[in-house]
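S.K.: Numbering (the UniProt record's numbering), first residue to last: 1 to 136. Note that the Cβ used here is the ideal one computed from N, Cα and C, for glycine as well. Being a predicted model, the structure only gives us computed values, none of them experimental.
1. Any contact between the region 38-48 and the region 97-111? By contact I mean 3 or more CB pairs, one from each, below 8 angstroms.
2. Does the contact criterion of 3 or more C-beta pairs under 8 angstroms hold for the region 58-76 versus the region 113-124?
3. What would DSSP say about residue 126, mapped onto helix, strand or coil?
4. Grab the span of the beta strand (DSSP E) containing residue 107 for me, first residue to last.
5. Flag this pair as yes or no: are the beta carbons of residue 78 and residue 106 separated by less than 7 angstroms?
6. How is residue 116 classed by DSSP in three states: helix, strand or coil?
7. Would residue 82 be called buried (16 or more neighbouring beta carbons within 10 Å of its own) or exposed?
8. Please list, in chain order, all residues of the same chain as residue 65 whose beta carbon is under 8 angstroms from its beta carbon, the five residues on each side excluded.
9. Between the Cα of residue 71 and the Cα atoms of 91, 95, 87, 113, which residue gives the shortest distance?
10. If you follow the alpha helix (DSSP H) that residue 76 is in, where does it begin and where does it stop?
11. Closest by CA to residue 84, which one among 63, 98, 54?
12. In angstroms with no decimal places, state the Cα-to-Cα distance between residue 67 and residue 80.
13. Using CA coordinates, which residue listed in 124, 123, 111, 51 is at the minimum distance from residue 74?
Next comes the structure, spelled out in structure tokens:
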């Protein structure tokens, strides 16, 4: 019987294997930035380039990086992934069954700036913080 030779993988081969796993882990841990109003999780770039499917009519984040930074947080707890929000018991429990399919945070640390809260109120949009660290 011939013994199989164990060859060390070349460095470029190892990098090809490690990068996708590392990027996926990095994406899952650090890239979602939930929106304070609807808790939709996207990257900063996604909010800037695409806006928010749920809130863009009110916040106009598309193309406005400053607004994206004002209205999102990188500090959140829990993630909900919804494909059919109207049928999901979790979306009903979290009161997001009228939102678009996507990934959402359970709670987000922080609050919207007061100027944005006033603007939302003037448009008839009620803002209630879901920051579990802050007592409202």
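M.R.: The structure says:
1. Touching, yes.
2. Counting Cβ pairs under 8 angstroms, three or more are found: they touch.
3. If DSSP states are grouped into helix, strand and coil, residue 126 belongs with coil.
4. Counting along the chain, residue 107 sits inside the beta strand (DSSP E) bounded by residues 102-108.
5. Result yes, Cβ atoms of residue 78 and residue 106 sit closer than 7 angstroms.
6. Three-state result, residue 116: helix.
7. Residue 82 is classed as buried because its beta carbon has at least 16 other beta carbons within 10 Å across all chains shown.
8. In its chain, beyond the 5 residues on either side, 44, 48 have a beta carbon closer than 8 angstroms to the beta carbon of residue 65.
9. Closest by alpha carbon: 113.
10. Careful: residue 76 lies outside any alpha helix (DSSP H), inside the beta strand (DSSP E) at 76-82.
11. The shortest Cα separation from residue 84 among 63, 98, 54 belongs to 98.
12. If you take the alpha carbons of residue 67 and residue 80, they lie about 24 angstroms apart.
13. Looking only at 124, 123, 111, 51, the smallest Cα-Cα distance to residue 74 is reached by 111.
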